[in-house]
Amino acid sequence: MSSYDRTIEFIPKAFKEYQNWIQTDRKVALRIGDLIKDILRSPFEGIGKPEALKHQFQGYWSRRINNEHRLVYKITNNSVVIISCYSHYQ
């Protein structure tokens, strides 16, 4: 399966966070979009310093949006599931 065959899914909380970024900080919203595009190309390497999470977050990955915020996601066979795009791991 090509990585471009995956769909992008947001859990409801993450989608609300993304909508908030669109309304409050366009630069951050665009950065999130760039990170998602890069995740589709290469889920485990690329921009944003991808990091496999540990302990209760095992199976999830994060990328830096900026110094304060992280994009947390999980890769499944068919999709990229966005878990969070605000703050650190919650």
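What the sequence shown shows, in the working numbering, is residues 3 to 92, in sequence order.
Ideal Cβ positions, reconstructed from N, Cα and C, are used throughout, including at glycine.
Original post:
In or out: A54 buried (at least 16 other Cβ within 10 Å) or exposed?
Top reply: Counting from 1 along the sequence shown, the entry for residue 54 is found at position 52. When all chains shown are included, A54 counts as exposed.
**OP:** Rounded to whole angstroms, what's the CA-CA distance from R33 to I67? Just pull it up for me.
**Re:** To locate residue 33, count along the sequence shown from 1; it is residue 31. To locate residue 67, count along the sequence shown from 1; it is residue 65. Taking the straight line joining both Cα atoms gives about 6 Å.
Original post:
From which residue to which residue does the beta strand (DSSP E) around I38 run?
Top reply: Here residue 38 refers to the residue found at position 36 when the sequence shown is read from its first residue. Here I38 belongs to no beta strand (DSSP E); instead the alpha helix (DSSP H) covers 28-43.
Original post:
Looking at the unbroken beta strand (DSSP E) that takes in T9, where does it start and where does it end?
Top reply: Against the sequence shown, residue 9 aligns to sequence position 7. Segment 9-12, the beta strand (DSSP E) holding T9.
Original post:
Taking the C-alpha atoms as reference points, what is the distance between K56 and Y62?
Top reply: Taking the first residue of the sequence shown as 1, we reach residue 56 at position 54. Taking the first residue of the sequence shown as 1, we reach residue 62 at position 60. Between K56 and Y62, the C-alpha separation is close to 8 Å.
Original post:
Under three-state DSSP, which class holds M3?
Top reply: Mapped onto the sequence shown, residue 3 falls at position 1. Residue placement at M3 is poorly supported in this model, since its pLDDT is 48, which falls under 50; the coordinates still yield a value, given next. Residue state, collapsed to three classes: coil.
Subject >> Euclidean distance between Cα positions of L73 and S86 >> reply: On the sequence shown, residue 73 is found 71 positions in, with the first residue counted as 1. On the sequence shown, residue 86 is found 84 positions in, with the first residue counted as 1. Cα to Cα, the separation comes out at about 6 Å.
Subject >> Cβ separation of I77 and E11, assumed to be a contact under 8 Å, to the nearest whole Å >> reply: Translated into positions along the sequence shown, residue 77 becomes position 75. Translated into positions along the sequence shown, residue 11 becomes position 9. So it is not a contact: roughly 11 Å between Cβ atoms.
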